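Numbering (the numbering used here), first residue to last: 1 to 238.
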DNA sequence: AATAATGTCAACCGCTAGTAG
DNA sequence: ACTACTAGCGGTTGACATTAT
């Protein structure tokens, strides 16, 4: 199994590597839109490409897929990425699955080039230890690093959140331990389990939990949960 | 204008998990 | 149970673009 998972074919055959040409893109796109991808290792051959299946798969997923969203990340997306990274760590594919039209690679690059830098800069210049309300976060240039309002406004999400961020349906301790603090949504599996610093949670249950959490946090579900969020925000920040 | 430093992002690498025979 | 294979993931690299000196 020595070659398992590698571009084994690339070693044996003279397959192209590196950037894709427009012609290659067109071939791959045409083939997949007409026939679907099926088994990736056969796609290259059937599409008439001198590429390995792995390369074709990556090109389709990260670039050619018609449902991809292009352009810069909105502030809402940036906030979601940061929140999800707090919860999931470097599980880029899981983060991407909650951002329609975005790829894990795109999010990973964005994190490594942009957000990480902002967090580092902020760490070098610690923020005033004041609490921030959601509207303060909303109105600041916290994500974009826009200096137009008087300098760097970078911070980590948790640094600017109130100590008792009880508008969130969960709470972090210093060791990233998840603690019960709200009646909704339902607690994740293994209450008190560490998130990405410790054992591996049951991904499916986590996934369900996170979906509920995110829907709740960002008002995707209207109704009772939204009313409760409003009440919590009102109670804690006004 | 030239060059160095830095940032961005597409693509590759190496690994694990899952599955079929 | 074992082997061979594919799919998918996260880390890393390197080419190119942009900015600073």
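Glycine included, each C-beta is placed from N, C-alpha and C at the ideal position. Here the structure is a predicted model, which is why all the values come from computation and not from measurement.
For residue j and residue i, the rounded distance between their alpha carbons
i, j, result
"residue 19", "residue 31", "19 Å"
"residue 29", "residue 80", "30 Å"
"residue 84", "residue 64", "26 Å"
"residue 110", "residue 37", "28 Å"
"residue 95", "residue 50", "32 Å"
"residue 43", "residue 57", "9 Å"
"residue 68", "residue 116", "24 Å"
"residue 101", "residue 61", "10 Å"
"residue 113", "residue 82", "14 Å"
"residue 99", "residue 33", "23 Å"
"residue 90", "residue 107", "10 Å"
"residue 97", "residue 88", "12 Å"
"residue 35", "residue 93", "26 Å"
"residue 41", "residue 70", "27 Å"
"residue 25", "residue 105", "18 Å"
"residue 137", "residue 74", "Model confidence at residue 137 stands at a pLDDT of 37, short of 50, so the residue's coordinates are unreliable; what they give is reported in the following sentence. Cα to Cα, the separation comes out at about 15 Å."
"residue 178", "residue 78", "The predicted model places residue 178 with a pLDDT of 29, which falls under 50 and marks its position as unreliable; any figure quoted below should be read in that light. Spanning the two alpha carbons is a distance of roughly 23 Å."
"residue 86", "residue 46", "42 Å"
"residue 166", "residue 21", "Here residue 166 scores only 31 on pLDDT, less than 50, and its place in the model should not be relied on; the value that follows carries that caveat. Answer to the nearest angstrom: the Cα atoms are 51 Å apart."
Residue i burial status per 10 Å Cβ neighbour count (16 or more: buried)
i, result
"residue 55", "buried"
"residue 72", "exposed"
"residue 103", "buried"
"residue 23", "exposed"
"residue 59", "buried"
"residue 76", "exposed"
"residue 118", "buried"
Contact belief for residue i with residue j at Cβ below 8 Å, rounded distance in angstroms
i, j, result
"residue 48", "residue 27", "6 Å"
"residue 52", "residue 15", "5 Å"
Problem - Complete runs of the beta strand (DSSP E) confined to the segment 41-101 [at least 3 residues] - result: none
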